[in-house]
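Take a look at the structure set out below.
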Amino acid sequence: MNSNIPGMERHAKTLRAWQLAILRFAVTLDNADRLAVLMIAAEIDGLGPQHGGKPDFAFFRRTSMELCAAILRPNELASTILRQHLARIDEERLKRIFSTAIETDQPKPASAGKPAKHDNRLWRGLTARGTPLL
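Numbering (the numbering used here), first residue to last: 1095 to 1228.
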């Protein structure tokens, strides 16, 4: 069991690197960061069993492509995909930061409250333009 711990630590670090790469892409929207996400995803998927030289496992590559597309084109479906990913994050700090990053990229719904009140008292006591001063 102890011989498996270093392997588990490596997998955990690789998974964390993938999550951080997704966060970085959500912040920068840079194509180089997107490619880094996909590269790490391919590495993780490659750790699983292979058939004919190709990994049988493609969860991380598929999920990475969905997440990157959702980050680039926010809509209702994208919001669902991002929320699912958010729910998978175990570390609370990373979860809060990712939540903040995706919220800034998501369109904000118009508030249903009453419209902003215009304060006409702002100009009280001032003379109108063109009115001569006494």
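Using N, Cα and C, we set each Cβ at its ideal position, and we do this for glycine too.
In this text the structure is predicted, and so the values were computed from the model without any measurement.
The Cβ atoms of Ala1130 and Ala1152 do not sit closer than 8 Å to each other. Taking C-alpha positions only, Ile1196 is separated from Ala1181 by approximately 13 Å. Shortest Cα-Cα distance from Asp1184 to any of Asp1127, Gln1113 and Arg1104 involves Gln1113. When the beta-carbon positions are compared, Leu1132 and Leu1166 stay at least 8 Å from each other. Minimum Cα-Cα distance from Val1121 among the listed residues Ala1106, Arg1223, Leu1161 and Gly1219 corresponds to Leu1161. Excluding residues up to 5 positions away in sequence, Leu1188, Ile1191, Phe1192 and Ala1195 lie with their Cβ nearer than 8 Å to the Cβ of Leu1117 in the same chain. Each of Ala1136, Ser1173, Glu1170 and Arg1218 was checked against the Cα of Ser1158, and the nearest Cα belongs to Ala1136. Within the same chain, Pro1149, Phe1151, Ala1152, Phe1154 and Arg1155 come within 6 Å of Asp1139 by CB-CB distance, once the 5 residues on both sides are set aside. The criterion of a C-beta distance shorter than 8 Å is not satisfied by Ala1163 and Leu1176.
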